[in-house]
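Q: One structure follows; several queries about it will come next.
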Amino acid sequence: MAKKDSSRTLYQLVIDNKYPYEQHNYETEDGYINKCVRISGTVAKKNVENGGPRKPVVVLQHGLNCSCTDWILNGDKSLGFILADNGFDVWMNNTRGNRYSRHHVYLDPDIDRKEFWDYSFEEMGKYDQPALINYVIQKTGVKSVTYIGHSQGTTQMFCALSENFDFFKEKINLFIALAPVVKVESCSSGLIKKIKDNQTLENLLIKNEIYEITPAKGNNSGQALFHKLLPEISNFGIKLLSDDDPRQVNQSCLEGYLSHYPSGTSLKTLLHFKQLMNKKQFEHYDYGAEENLKRYGQEEPPLIPLQNIQGFPIALLAGSDDHLANINDVRWLKEQLQQQDSLIYYQEYPFGHLAFLLPNTIKHFQDCIDLVKRYNPVYISGARKRQSSQNSGGLNDSQLAIFFQSTSSQQNPSSREGGDIEINTL
């Protein structure tokens, strides 16, 4: 049984909860070295080495200013642990620039600041995601993975699919988007709105060459202590920022969460989100008319081509009380994907942005697991073998398809719409 966090490090969280883990470093095409943490256990590794059965692989991608600890900070109700307990091979990625991925082949984040931090979620989708998916497939031996993203973790994957669809359509068998952020026209966060309209702060940061936002090199113990002493004020901040009803967030795990958040990001990432809010559309980064002409061949940045995502299995899980991924913006995205035959599941839940990670109840996590079981070919193959051993004649492909379809509809009848590695074992 998983233990709840009390301001422990990432690796203490995993070890104390009795999960063997591996640390993997992979390199992107543009030279960033990112860290990915695997919590699968030694059994999956030995099976692959011995030519035995593989576990179905799930990749988890955190959101803005966060880290992979997002997936293991809610005790027994953490998605990372729940997936591992259900037999999945779990890979938790850290995007470029956060506390675990402040590395580059030749750039130093503290010396070469302007160059190192010159990226937004676009580059994460263009470079981080292809390198990550290729690396995980190489290490596990599977042909495709299931991808689950939260917040900006969905933004970068929508960028990736829009610009490199042929690559990803063969290597991702299902994309589950928790609190998806693409169009942010209806963002209702009072705090974000104030920051969006504050041009003075932006000018001050650029003038002083501050390209890294909320650098995180240690434990954020001050924030955790503040929440412990003054939880009402802390929850008021959550209400202003992300969740209309902070009571839907697991209060017993907030102290631990705040000891890991924020985990660092680039100024350019925040400016890109600000641009999306002001322009009310999902578009490439705006470098100004002159530079846009050089990069895009036009003075205004073009739209990111979501229409390229055709016939691809995407599940949208939205929060009705989400200030950041506002329900109206998610419904707009739902309509786009429906037109492109790329929406296989849609559900709205009665909570906000942070509650997707630190929930009091885990109905949406169970929905995720049901979806993975339905679409991950490694799991389906294993299900065929199990059915074959339990039934003299087994189930044929048509019967199995009906079985998975009926199982899903029963759960949600109205919702169908080459890097370095360090292995740590117990």
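Going left to right, the sequence shown walks through residues 1 to 426 as full-length UniProt numbering numbers them. Ideal Cβ positions, reconstructed from N, Cα and C, are used throughout, including at glycine.
#1: Can you tell me whether asparagine 17 is buried or exposed, with buried defined as 16 or more other CB within 10 angstroms of its CB?
#2: Evaluate serine 151 with the Cβ neighbour count: other Cβ atoms within 10 Å of its Cβ, from every protein chain shown; 16 or more gives buried, anything less gives exposed.
#3: Would you mind working out which of Gln366, Val372, Ile137 and Glu185 sits nearest asparagine 278, comparing C-alpha positions?
#4: Tell me tyrosine 119's beta-bridge partners as DSSP assigns them.
#5: Provide the residue(s) that pair with tryptophan 91 in DSSP beta bridges, ordered along the chain.
#6: Note the first and the last residue of the continuous alpha helix (DSSP H) segment covering asparagine 235.
#7: Apart from the five residues on each side of it in sequence, which residues of its chain come closer than 6 Å, Cβ to Cβ, to glutamate 212?
#8: If you scan the region 306–359 from start to end, which runs of the beta strand (DSSP E) of 3 or more residues do you find wholly inside it?
#9: Taking the alpha carbon of lysine 228 as the reference point, which residue from Lys183, Trp71, Ser259 and Ala216 has its own alpha carbon closest?
#10: Can you tell me whether DSSP reads asparagine 292 as helix, strand or coil?
#11: Can you look up valine 142 in the DSSP assignment and give me helix, strand or coil?
#12: Just list the alpha helix (DSSP H) runs in the region 123–192, keeping only unbroken ones of 4 residues or longer that don't cross its boundaries, in chain order.
#13: Taking one C-beta from the region 308–316 and one from the region 149–164 each time, how about it: are there three or more such pairs within less than 8 Å?
#14: So what's leucine 79 in DSSP terms, helix, strand or just coil?
#15: Could you work out which residue in Glu29, Phe282 and Ile39 is closest to glutamate 22 when comparing CA atoms only?
#16: Which residue's Cα is closest to the Cα of phenylalanine 121: Ser78, Asn94 and Asn134?
#17: CA-CA distance, alanine 315 and aspartate 76?
#18: By the three-class DSSP mapping on this structure, what secondary structure does asparagine 198 have?
#19: So is proline 130 in contact with chain D if we call contact Cβ pairs under 8 Å?
#20: Quick test of your reading: glycine 149 and leucine 178, contact by CB under 8 Å. State the CB separation rounded to the nearest angstrom.
#21: Which residue from Lys363, Trp91, Gln340 and Ile362 puts its Cα closest to that of serine 162?
#22: Under 8 Å, do leucine 174 and leucine 371 count as touching if we go by C-beta distance?
#23: DSSP beta-bridge partners for leucine 271?
#24: Compute the Euclidean distance between the alpha carbons of cysteine 253 and aspartate 321, then round it to the nearest angstrom.
#25: Answer with buried or exposed for aspartate 197, where buried requires no fewer than 16 other C-beta atoms within 10 angstroms of its C-beta.
#26: Of the residues Arg113, Lys114, Tyr346 and Thr146, which one's Cα is nearest the Cα of glutamine 129?
#27: Note down, in chain order, each residue of its chain lying with its Cβ closer than 6 Å to the Cβ of tyrosine 127, except the 5 sequence neighbours on either side.
#28: Can you check which of these residues, Leu240, Glu255 and Pro215, is closest to proline 231 by C-alpha distance?
#29: Counting beta carbon pairs with one atom in the region 234–251 and one in the region 355–366, are three or more of them shorter than 8 Å?
#30: Pick helix, strand or coil for alanine 9, following the three-state DSSP scheme.
A: On the basis of the data shown:
#1: Locating residue 17 in the sequence shown gives position 17, where the first residue counts as 1. The residue in question, asparagine 17, is buried, as its Cβ has 16 or more Cβ neighbours within 10 Å.
#2: Along the sequence shown, one-based indexing puts residue 151 at 151. Classification for serine 151: buried.
#3: As a working mapping, residue 278 is identified with position 278 in the sequence shown. In terms of Cα proximity to asparagine 278, the closest of Gln366, Val372, Ile137 and Glu185 is Glu185.
#4: Your numbering for residue 119 matches position 119 in the sequence shown. Tyrosine 119 is not bridged by DSSP to any residue.
#5: As a working mapping, residue 91 is identified with position 91 in the sequence shown. DSSP, once it has assigned bridges, lists Arg38 and Val59 as partnering tryptophan 91.
#6: As a working note, residue 235 is residue 235 in the sequence shown. It spans 231–241 - the alpha helix (DSSP H) in which asparagine 235 sits, taken as one unbroken run.
#7: As a position in the sequence shown, residue 212 is number 212, starting the count at 1. Closer than 6 Å at the Cβ level, and outside the excluded window around glutamate 212, lie Trp117.
#8: With a minimum length of 3 residues, the continuous beta strand (DSSP E) runs that stay inside the region 306–359 are 314–319 and 343–349.
#9: Along the sequence shown, one-based indexing puts residue 228 at 228. Ranking the options by Cα distance to lysine 228, first place goes to Ser259.
#10: By 1-based counting over the sequence shown, the position of residue 292 is 292. DSSP, read as helix, strand or coil, puts asparagine 292 in helix.
#11: The count along the sequence shown starts at 1 and reaches residue 142 at position 142. In the three-state reduction of the DSSP assignment, valine 142 falls in the coil class, being assigned neither a helical nor a strand state.
#12: With a minimum length of 4 residues, the continuous alpha helix (DSSP H) runs that stay inside the region 123–192 are 129–140, 152–163 and 165–169.
#13: They touch, by the three-pair rule.
#14: Reading the sequence shown from its first residue, position 79 is the one you call residue 79. Correct three-state label for leucine 79: helix.
#15: Working through the sequence shown from its first residue, we reach residue 22 at position 22. For glutamate 22, the closest alpha carbon among the candidates Glu29, Phe282 and Ile39 is that of Ile39.
#16: Along the sequence shown, read from residue 1 onward, the residue named residue 121 stands at position 121. Cα-wise, what sits closest to phenylalanine 121 is Asn94.
#17: In the sequence shown, counting from the first residue as 1, residue 315 sits at position 315. In the sequence shown, counting from the first residue as 1, residue 76 sits at position 76. About 24 Å.
#18: The residue given as residue 198 occupies position 198 in the sequence shown. Correct three-state label for asparagine 198: coil.
#19: Of the protein chains in this structure there is only one, and it is not chain D.
#20: As a first step, residue 149 must be located in the sequence shown, where it is residue number 149. As a first step, residue 178 must be located in the sequence shown, where it is residue number 178. About 7 Å; that satisfies the 8 Å criterion.
#21: Residue numbering aside, residue 162 sits at position 162 when the sequence shown is read from its first letter. Considering only alpha carbons, the answer is Gln340.
#22: Along the sequence shown, one-based indexing puts residue 174 at 174. Along the sequence shown, one-based indexing puts residue 371 at 371. It is a contact, given that the beta carbons lie within the stated cut-off.
#23: Walking along the sequence shown from the start, residue 271 turns up at place 271. Looking at the DSSP assignment, leucine 271 forms no beta bridge with any residue, so it has no partner.
#24: For the purposes of this step, residue 253 is identified with residue 253 of the sequence shown, where counting begins at 1. For the purposes of this step, residue 321 is identified with residue 321 of the sequence shown, where counting begins at 1. C-alpha separation (whole angstroms): 20 Å.
#25: If you number the sequence shown from 1, residue 197 lands on position 197. By the beta-carbon neighbour count (other beta carbons within 10 angstroms, threshold 16), aspartate 197 is exposed.
#26: In the sequence shown, the residue the question calls residue 129 occupies position 129. Per the Cα distances, Thr146.
#27: On the sequence shown, residue 127 is found 127 positions in, with the first residue counted as 1. For tyrosine 127, where only same-chain residues beyond five positions count, the Cβ hits under 6 Å are Thr28, Glu29 and Asp30.
#28: To locate residue 231, count along the sequence shown from 1; it is residue 231. Checked all of Leu240, Glu255 and Pro215; the closest Cα to proline 231 is Glu255.
#29: Contact holds: three or more Cβ-Cβ distances are below 8 Å.
#30: In the sequence shown, the residue the question calls residue 9 occupies position 9. The sequence shown places threonine at residue 9, not alanine. Residue state, collapsed to three classes: coil.
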